[in-house]
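Those letters in the sequence shown? Residues 419 to 584, per this note's numbering, in order. Encoded as structure tokens, the structure appears first; notes follow it.
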Amino acid sequence: MVQLKLEHVKKHYDMPGELPEIQVLNDVSLEVRAGESIAIAGPSGSGKSTLLNIMGALDRPSSGSVILAGRDFSGLPEKELAVIRNRDIGFIFQLHHLLPQCTVIENVLIPTLPWKASRFFDSSISESQEERARRLLNRSGWVSECITGRAGYQAANASAPRWSGL
Ligand SMILES: Nc1ncnc2c1ncn2[C@@H]1O[C@H](COP(=O)(O)OP(=O)(O)O)[C@@H](O)[C@H]1O
Ligand SMILES: [Mg+2]
């Protein structure tokens with residue numbers, strides 16, 4: 419089943435006063451199936467980050483479509499894109515962007531903070547978010563004693579459970 423689809427995606431950045439504008443992505447179409455892994459490779463400046471930002475709903479294409487699980491991002495208001503980013507998309511950054519003042523498990527639970535206040539909170543989930551966070555951390559090799567410690571510098575691995583769709 420196709421999970422993510424890009425159709426004729428183009429992206430240029432408007433640089434005021436500079437002509438011609440920078441055309442970074444020129445007609446990119448691709449399909450990613452559920453369970454499939456892909457790699458995007460290319461020299462520095464070739465548009466990898468631009469493409470990932472567009473696939474991850476962090477940025478919009480100049481034209482073309484991004485469709486995730488049958489939902490076309492184009493035309494969706496910012497609020498709905500924010501929900502998609504929260505629930506359906508995860509990024510593991512080279513720099514992990516964890517909050518060092520929070521514990522490892524608190525970092526993992528950060529994306530769940532808006533849920534209870536939102537109509538998107540699924541009250542049918544029986545396992546508590548905290549139990550699920552612990553289970554995911556354990557699965558990533560975290561032992562219980564470390565989970566309640568400060569994230570500090572050791573915690574690059576905590577960013578994986580954070581995006582695992584808690
Ligand atoms: N916000 C931006 N404004 C203007 N130009 C940008 C912006 N982001 C990236 N670019 C330009 O787009 C091109 C592709 O950048 P990028 O997607 O970061 O490439 P990569 O990740 O492959 O190194 C580069 O020429 C870069 O300078
Ligand atoms: Mg890059």
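A virtual CB, placed ideally from N, CA and C, is assigned to each residue, including glycine.
Under 8 Å Cβ to Cβ from residue i, same chain only, skipping five residues before and after it: list those, please.
i	result
Arg-552	Ile-523, Ser-562 and Ile-565
Pro-532	Asn-504
Closer than 7 Å by C-beta to residue i: which residues in its own chain qualify, once you throw out the five before and the five after it? Chain order, please.
i	result
Gly-567	Thr-521 and Val-522
Gly-435	none
Lys-466	Ile-458 and Gly-460
Ala-475	Phe-491, Leu-499, Ile-502, Arg-503 and Ile-507
Val-446	Leu-424, Val-427 and Leu-469
Asp-432	Glu-439
Ser-462	none
State the DSSP-derived secondary structure class of residue i, mapped to helix, strand or coil.
i	result
Arg-553	helix
Asp-506	helix
Val-596	In the structure as shown, the chain begins at 419 and stops at 584. Residue 596 is therefore absent and cannot be evaluated.
Thr-468	helix
Glu-563	helix
Gln-547	helix
Between residue i and the rest of its own chain, which residues show a CB-CB distance below 6 Å, the 5 nearest in sequence each way excluded?
i	result
Gly-488	none
Asp-490	Ser-483
Ala-452	Met-419 and Gln-421
Leu-448	Leu-424
State yes or no: is the C-beta of residue i nearer than 7 Å to some heavy atom of ligand 3?
i	result
Gly-508	With respect to ligand 3, the structure shown offers nothing to examine, as its ligands consist of ligand 1 and ligand 2.
Evaluate the contact criterion for the stretch 478–485 versus the stretch 525–534: three or more CB pairs, one atom per stretch, below 8 Å. Per the Cβ contact rule, the stretch 478–485 is not in contact with the stretch 525–534 (fewer than 3 Cβ pairs under 8 Å).
Run the Cβ filter for me: residues under 6 Å from any heavy atom of ligand 2, listed in the order they occur in the chain. The answer, residue by residue, is Lys-466 and Ser-467.
Taking only runs that begin and end inside the stretch 473–499, name each unbroken beta strand (DSSP E) of 3 or more residues, in chain order. 481–486
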